[in-house]
Amino acid sequence: MKCGVVTFPGSNCNHDMTYALSNILNKNVKELWHKDQDTQNCELIVLPGGFSYGDYLRSGAIARFSPIMKEVVKHANNGGLVLGICNGFQILCEAGLLPGVLLHNNNQKFICKNTFLKPVSQSAPISKRLSQSNFYKIPIAHGEGRYYASEKTINDLFLNDQILFQYS
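Below is the structure:
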């Protein structure tokens with residue numbers, strides 16, 4: 001699988017993602033710059049974490065206007081795989097590829113700690129081989145990590161098997 005990792009000004013997890021995909025998962029990785037207008041025929045496009053454009057306005061609000069995002073949206077709308085991690089997830093919400101928004105944490109503070117995720121979807125490539133009875137420890141670090149969508153939207157996401165993981 002050919003993977004593309006998008007870098008925005010201020011991104012700081014793109015090198016980690018490139019390393020993980022190429023050296024641990026043995027994938028062919030292309031580095032995509034925010035000004036690129038071609039996804040280089042990548043099957044998976046990854047928007048990694050970081051602080052794109054310094055997270056000014058809202059996290060991901062400026063990055064969504066980058067030229068590469070038109071191509072990412074087109075790729076997703078054509079059935080291509082897209083993964084957004086941390087700031088990348090925020091960018092996907094801002095770009096309209098995902099419903100909902102990310103709000104400031106309830107305590108209004110930046111949170112940096114380990115937490116646990118539970119797989120929910122059994123159909124997505126990233127979670128289909130994971131046991132739904134296991135919990136997976138991951139690090140989180142964000143100031144705007146509280147996902148919000150209407151109750152109907154959340155219900156629709158569950159019904160359509162679009163929730164991959166949930167905090168436990």
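Just so we're aligned: the sequence shown equals residues 1 to 168 in my numbering. C-beta atoms are modelled at their ideal positions from N, C-alpha and C, and glycine is treated no differently.
Keeping to the same chain, check which residues put their C-beta closer than 8 Å to that of residue i; ignore five residues upstream and five downstream.
i	result
I68	V6, L32, W33, H34, K35, D36, Q37 and T39
N134	K118 and P119
Helix, strand or coil, according to DSSP, for residue i in the structure here?
i	result
Q132	coil
P125	coil
H15	helix
R146	strand
V82	strand
C42	coil
N114	strand
N155	helix
K109	coil
A61	coil
N77	helix
L21	helix
Given residue i, which residues of its chain have a CB within under 7 Å of its CB, disregarding the five upstream and five downstream residues?
i	result
K27	M1, C3 and L21
Pop quiz: residue i and residue j are said to be a contact at Cβ under 8 Å. What is the actual Cβ separation, rounded to whole angstroms?
i	j	result
F158	S127	Rounded, the Cβ-Cβ distance is 14 Å, inconsistent with contact.
L117	R146	Rounded, the Cβ-Cβ distance is 16 Å, inconsistent with contact.
I85	G49	5 Å
Tell me which same chain residues have a C-beta within less than 6 Å of the C-beta of residue i, skipping the five on either side of it?
i	result
D161	S121 and S123
What does DSSP give as the partner residues of residue i in its beta bridges?
i	result
F165	P119
L98	The partner list for L98 (beta bridge, DSSP) is empty, contrary to what the question assumes.
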